[in-house]
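Protein chains in written order, with my numbering: chain A, 1 to 38; chain B, 1 to 253.
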Amino acid sequence: SVAKRAVADVAQHDKVPHPVGFVPPPPPCPGKIRHFKI
Amino acid sequence: VPAAPLAPLGCDDPESEAAAEFAVNYINGHSHHGYKFALNSIENIRVISQGLNNDIIFLELDLLETTCHVLSPTPLANCTVRSFAQHAVEGDCDIKLQKLDGKFSVLASKCHSHADSSEDVRQVCPECPLLASLNNTEVLTAVATALNDHNSKTADPYLILLEIGRANIQYEPAHIVSVEFAVAATNCSAEDAKVSVEACQLLPDDQSNFGFCTATMVTRPSQDLRVGCQLYGHQVPTPDAGVIYSHPGHDTS
Numbered sequence: 001s002v003a004k005r006a007v008a009d010v011a012q013h014d015k016v017p018h019p020v021g022f023v024p025p026p027p028p029c030p031g032k033i034r035h036f037k038i
Numbered sequence: 001v002p003a004a005p006l007a008p009l010g011c012d013d014p015e016s017e018a019a020a021e022f023a024v025n026y027i028n029g030h031s032h033h034g035y036k037f038a039l040n041s042i043e044n045i046r047v048i049s050q051g052l053n054n055d056i057i058f059l060e061l062d063l064l065e066t067t068c069h070v071l072s073p074t075p076l077a078n079c080t081v082r083s084f085a086q087h088a089v090e091g092d093c094d095i096k097l098q099k100l101d102g103k104f105s106v107l108a109s110k111c112h113s114h115a116d117s118s119e120d121v122r123q124v125c126p127e128c129p130l131l132a133s134l135n136n137t138e139v140l141t142a143v144a145t146a147l148n149d150h151n152s153k154t155a156d157p158y159l160i161l162l163e164i165g166r167a168n169i170q171y172e173p174a175h176i177v178s179v180e181f182a183v184a185a186t187n188c189s190a191e192d193a194k195v196s197v198e199a200c201q202l203l204p205d206d207q208s209n210f211g212f213c214t215a216t217m218v219t220r221p222s223q224d225l226r227v228g229c230q231l232y233g234h235q236v237p238t239p240d241a242g243v244i245y246s247h248p249g250h251d252t253s
């Protein structure tokens with residue numbers, strides 16, 4: 001029988017795995033804190 | 001094939017920091033009250049291209065109050081950011097800039113400043129004094145007493161009060177009122193003022209001489225008063241392109 005897979009499964013299944021040791025870049029904002037955060 | 005859209009600017013990119021520095025200098029240069037603010041973090045940046053070398057930049061900045069009054073000639077880089085324990089004041093600013101042919105200009109700015117919460121200060125420093133309201137009677141008494149004390153002992157020009165910058169009150173183990181206020185020299189000597197203080201006027205713009213005083217007044221268990229005033233000397237007034245007031249808890253635009 002043919003069952004339609006949920007999109008999540010497909011997305012998960014077809015997601016290209018990151019290379020070992022891959023570090024995602026820091027989010028572009030907000031930027032660094034120069035003194036302290038209130 | 002249309003050119004790939006430029007990658008969005010990151011908040012720590014050099015161009016973002018250059019825009020933020022320009023904006024902070026603008027805010028401090030157009031503020032007539034309170035203290036200079038230093039950049040703490042760039043919260044967000046959005047760039048909308050208007051064409052070749054013409055961008056509109058929206059900046060969200062998180063600033064912190066420094067110990068330099070806005071009338072002080074001290075460069076911002078040499079102004080100390082108030083520490084957490086000194087009851088810090090934060091400024092949140094939204095600024096709209098234009099960058100045209102590499103030159104920044106501010107199109108609009110709106111800032112809101114507010115003191116850190118007492119709970120936060122108490123958490124870090126249980127015995128640190130907290131900011132007091134600027135119209136607290138003990139604060140007003142301390143400022144008037146300190147200014148009179150300075151004027152009665154100085155050979156400098158008679159000083160008048162411009163504004164109270166900040167004040168805090170400590171209750172234990174001693175009762176201490178600490179105040180900071182901006183002053184201006186008048187056309188009188190302290191001696192003249194004793195005769196007729198009404199004749200003492202602010203110096204004209206081309207001779208204006210502002211200064212800053214700090215004072216602590218102990219009322220219990222003993223009485224003690226310490227006052228220090230410093231005049232900045234005459235400075236060429238900055239162009240007044242709109243007034244931005246930065247008082248704790250006030251909006252400015």
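Heads up, the beta-carbon is just placed ideally off N, CA and C, and yes, glycines get one too.
For chain B, check one thing: does any of its Cβ atoms lie closer than 7 Å to the Cβ of residue i?
{"i": "PRO30(A)", "result": "yes"}
{"i": "HIS18(A)", "result": "no"}
{"i": "PHE36(A)", "result": "yes"}
Taking 6 Å as the limit between beta carbons, can you name the residues of its chain near residue i, skipping five residues before and five after?
{"i": "TYR26(B)", "result": "VAL106"}
{"i": "ASN53(B)", "result": "ASP101"}
{"i": "VAL218(B)", "result": "ALA174, ILE176 and ASP224"}
{"i": "ASN44(B)", "result": "GLU60"}
Using DSSP bridges, identify the partner residues of residue i.
{"i": "CYS29(A)", "result": "DSSP output for CYS29(A) lists no bridge partner at all."}
{"i": "GLU60(B)", "result": "ASN44(B) and ASP94(B)"}
{"i": "ASP224(B)", "result": "VAL218(B)"}
{"i": "GLN230(B)", "result": "PHE212(B)"}
{"i": "VAL106(B)", "result": "LEU97(B)"}
{"i": "LEU9(B)", "result": "LEU9(B) pairs with nothing; no bridge assigned."}
{"i": "VAL81(B)", "result": "THR66(B)"}
{"i": "ASP55(B)", "result": "SER49(B) and LYS99(B)"}
Looking at the unbroken beta strand (DSSP E) that takes in residue i, where does it start and where does it end?
{"i": "VAL183(B)", "result": "175 to 189"}
{"i": "ILE164(B)", "result": "157 to 170"}
Since residue i is in the alpha helix (DSSP H), which residue starts that stretch and which ends it?
{"i": "GLN201(B)", "result": "Careful: GLN201(B) lies outside any alpha helix (DSSP H) and carries neither H nor E."}
{"i": "PHE22(B)", "result": "14 to 29"}
{"i": "LYS153(B)", "result": "137 to 153"}
With DSSP run on the structure shown, which of helix, strand or coil describes residue i?
{"i": "GLN123(B)", "result": "helix"}
{"i": "THR219(B)", "result": "strand"}
{"i": "GLN50(B)", "result": "strand"}
{"i": "PHE22(A)", "result": "coil"}
{"i": "THR274(B)", "result": "The structure shown has nothing for residue 274(B), since chain B only spans 1 to 253."}
{"i": "VAL16(A)", "result": "coil"}
{"i": "LEU131(B)", "result": "strand"}
{"i": "LYS36(B)", "result": "strand"}
{"i": "LYS194(B)", "result": "helix"}
{"i": "SER118(B)", "result": "helix"}
{"i": "GLN235(B)", "result": "coil"}
Let me see if you follow: with CB-CB separation under 7 Å, is residue i close to chain A or not?
{"i": "LEU130(B)", "result": "no"}
{"i": "GLY34(B)", "result": "no"}
{"i": "PHE84(B)", "result": "yes"}
{"i": "ILE176(B)", "result": "no"}
{"i": "ALA303(B)", "result": "Absent from the model: residue 303(B). The displayed extent of chain B is 1 to 253, so no value can be given."}
{"i": "GLU43(B)", "result": "yes"}
{"i": "GLY10(B)", "result": "yes"}
{"i": "LEU64(B)", "result": "yes"}
{"i": "VAL121(B)", "result": "no"}
{"i": "ASP116(B)", "result": "yes"}
Near residue i, which residues of its chain fall below 8 Å by C-beta distance, leaving aside the five closest residues on each side in sequence?
{"i": "ALA155(B)", "result": "SER189 and ALA190"}
Sorted by chain position, which residues of the same chain lie with C-beta nearer than 7 Å to residue i's C-beta, five sequence neighbours on each side aside?
{"i": "HIS234(B)", "result": "GLN207, SER208 and ASN209"}
{"i": "ASN151(B)", "result": "TYR158, LEU159, ALA190 and ALA193"}
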